[in-house]
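Shown next, in structure tokens, is the structure this report addresses.
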Amino acid sequence: MGAKPLPILTQNLPVRFQAPAAVRIISSPVSHDWPALQRRLSAVLPRRAVVAARQELLAYDCDGLTLHRHQPPLVVLPETTEQVAAVLRICHQQGVPFVARGSGTGLSGGAVAETEALVVATSRMRRVLQVDLPNRRVVVQPGVINSWVTRAVAGDGFYFAPDPSSQVACSIGGNVAENSGGVHCLKYGVTSNHVLGLEVVLPDGTVTQLGGELDESPELDLRGAFIGSEGTLGIATAITLRLLRAPQSVAVLLADFTSMEAAGEAVRLVTAAGVLPAGMEMMDRLTIEAVNDYLAGDGVSEPEYPPDAAAVLLIELDGQEREVLAAAELTERLCRQAGARQVRQAWEAAERARLWKGRKSAISALGRRFPSYYLQDGVVPRSALPRVLAAIDQLSQRHGLPVANVFHAGDGNLHPLILYRDGEAGVRERVQELGGEILRLCVEAGGSISGEHGIGSDKRCYLDWMYSPDDLATMQLLRRALDPLARANPGKIFPTPRSCAESARRVQVLRAAGVSLPEEAVVF
Ligand SMILES: Cc1cc2nc3c(=O)[nH]c(=O)nc-3n(C[C@H](O)[C@H](O)[C@H](O)COP(=O)(O)OP(=O)(O)OC[C@H]3O[C@@H](n4cnc5c(N)ncnc54)[C@H](O)[C@@H]3O)c2cc1C
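Just so we're aligned: 495 in numbering that gives the first Met the number 0 is position 496 of the sequence shown, and the numbers increase by one with no gaps anywhere.
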């Protein structure tokens, strides 16, 4: 089924930057001598740190986005910054592209070598290097798993705030590269708000420091530019994280509704009243059913969430005890005003954990019912939530593909999960077409094509719905300053004429309409 032509959105967008100079990066597939490279890499790495056996390489052929698979020719598993630097120096000398990889839980195809490239996996870089509680910071290697950070300091009353639902598996290096979010990012901000400094190996093998140990430093914020750059500027090898004091009091409210619209209205009322929850998450009927089944399989006798609800909201409030009590009372009242049938308050740690367990296992729960899923990640203004959710439902029916919704409602960060059965003829194309239409809805509602999962290879063809060719060219200037030949994670983030025929066509149409575009802005 062919994709429908998209509107020329860039025509109506303001140009955010004017590209000051020519940018022309053409990545053409080059064949490399992999056996020779394997020998060179083996000489600078510990034993069994170079993976070349076909069977073992299978583990690296995709990330959490299983629609696309590409087996890399070679994977290395360095343990130290010096080893990463040695690997990237060899790649630099031989013109070999490389792809950084953390735990491979990314959902936009970022850690996958689409074209022939060396995969540099950080799964043996899992040491907590320094814990500095008086200054509330910790330094970790990039392969350290997100939840281990809090585990290392929880006994002293501290925690690390960014908590993606994948936090028991994803790496801090991956979180940095994707600028990941999570349940607590509504109040506490995303990864970039919690990273003070980065040690980075640049694509030529140079080791450098971006940011530092202090909250503020007067330099150009290259730390900020690196966070969210999806492995296209180099490899982070040590990361200094900010820690927070655990709050004195925490409550979780579970409110259930007979429609998604009513739940969306509750989100609007609570935020309009000035309550700032630590997290505010929504699940729809399909997700509730799947999660209740999943927890029942785990020995939970009563359904955790009301089985006949059309939507539930989980709202976490934290702070000083009196403040939380007042916020809980107000939030409950506003949820009832929006149409909540019941509002349950959980104050005990064990009960709170049970409520969150369902939310955090939602994707696995849906995965049990539907063998394949495609998880999208778009953002809309909170006020547009009810309208966009209704439109997603219509799209789901039109395409004949079920869509489950489980998402960070407080941030307007949608995660529609398109469920399908792989193997059905043409189903992958239909799934991708529906995913694209959902993202187009988000952009048209004044939102974005990504809240936290990044662009990777999955959404690069949609980037020019949001940015003009000049914007894209200017982003490439920064990238080229650090990586002149675009060898770091080649082909990711930016639309290319080869991978995005529709983007190339849009440029042609703009030109034909008399819009002046620099030649250089169009070829990446
Ligand atoms: C069930 C599930 C739930 C999820 N929930 C959330 C959520 O709530 N919020 C959220 O934000 N995401 C979520 N994700 C997405 C994913 O877990 C995050 O994007 C995570 O940060 C990826 O980390 P990773 O270690 O798996 O990275 P990978 O998938 O290995 O890599 C991701 C990107 O980071 C780059 N990279 C990895 N390490 C480095 C490094 N050291 N230096 C430079 N670049 C590097 C890679 O090249 C790639 O582009 C979820 C995923 C799943 C499967």
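The beta carbon of each residue, even a glycine, is placed where N, CA and C say it ideally should be. This one's a predicted model, so the numbers in the text were calculated from it and none came from an experiment.
I'd like the list of long-range same chain contacts for residue i, defined as Cβ closer than 7 Å, with 5 residues on each side in sequence excluded.
i	result
S382	R267
R244	G156 and F157
S146	Q166 and V167
A511	none
R335	V342
L329	A272 and V274
State the Cα-Cα distance for the pair residue i and residue j, rounded to the nearest angstrom.
i	j	result
P445	W33	The residue you asked about is not Pro; residue 445 is Gly in the sequence shown. Answer to the nearest angstrom: the Cα atoms are 46 Å apart.
A348	I171	26 Å
A21	Y461	For A21, the predicted model reports a pLDDT of 41, less than 50, meaning its position is unreliable; a value from the coordinates is still stated below. Using only the alpha carbons, I get a separation of about 23 Å.
N404	V249	26 Å
Q208	L36	28 Å
A176	D482	16 Å
R478	L313	40 Å
P19	L433	Low local confidence applies: a pLDDT of 41 at P19 is under 50, so the model's placement there is unreliable, with the coordinate-based value given in what follows. Each residue's Cα considered, the two are about 37 Å apart.
A503	P496	5 Å
H31	Q93	8 Å
L374	R68	16 Å
Please work out which residues of its chain come closer than 6 Å, Cβ to Cβ, to residue i, disregarding the five sequence neighbours upstream and downstream, and give them in chain order.
i	result
A364	A289, V290 and Y293
L76	A48, A120 and R123
I89	R39
A337	A261, E264, A265 and L268
V200	V83, A84, L87, V206, G233, I234 and T236
L438	G377, I448 and Y461
Answer with yes or no whether the minimum CB distance from residue i to chain B is below 8 Å.
i	result
L87	Here there is only one protein chain, and chain B is not present.
For my contact list, residue i and residue j are in at a C-beta cut-off of 8 Å; report their separation, rounded to the angstrom.
i	j	result
L400	R358	About 23 Å separates the two Cβ atoms, so there is no contact after all.
A308	M259	So it is not a contact: roughly 10 Å between Cβ atoms.
A327	Q344	6 Å
D376	C184	About 13 Å; that fails the 8 Å criterion.
E78	P45	6 Å
L242	R150	That pair is no contact at about 12 Å.
G223	G211	The Cβ separation is near 13 Å, so there is no contact.
L416	Y372	5 Å
If we count the other Cβ atoms within 10 Å of its Cβ and call it buried at 16 or more, is residue i buried or exposed?
i	result
E113	buried
Q396	exposed
A52	exposed
D297	exposed
P161	buried
S456	buried
D62	buried
A99	buried
P217	exposed
N192	exposed
D131	exposed
E320	exposed
A277	buried
S228	buried
A42	exposed
Once you ignore the five residues that flank residue i on each side, which residues in its own chain have a CB closer than 8 Å to its CB?
i	result
L57	Q70
H91	P202, D203, G204 and R486
V152	V130, L132, V137, Y158, F159 and L242
Segments assigned alpha helix (DSSP H), at least 4 residues, entirely inside the segment 125-202: Listed in chain order, they are 145-152, 171-177 and 184-187.
Whole alpha helix (DSSP H) elements within the segment 442-492, 4-residue minimum: Annotation: the segment 442-492 contains the following complete segments of the alpha helix (DSSP H) (minimum length 4 residues), in chain order: 468-481.
Beta strand (DSSP E) runs contained entirely in the segment 47-116, provided each spans 3 or more residues: Within the segment 47-116, the complete beta strand (DSSP E) runs of at least 3 residues are 73-75 and 97-100.
Every unbroken alpha helix (DSSP H) within the segment 315-398, with a cutoff of 4 residues, ordered by chain: Within the segment 315-398, the complete alpha helix (DSSP H) segments of 4 residues or longer fall at 320-337, 348-359, 361-368 and 384-398, listed in chain order.
Whole beta strand (DSSP E) elements within the segment 269-298, 3-residue minimum: The qualifying runs are 278-283.
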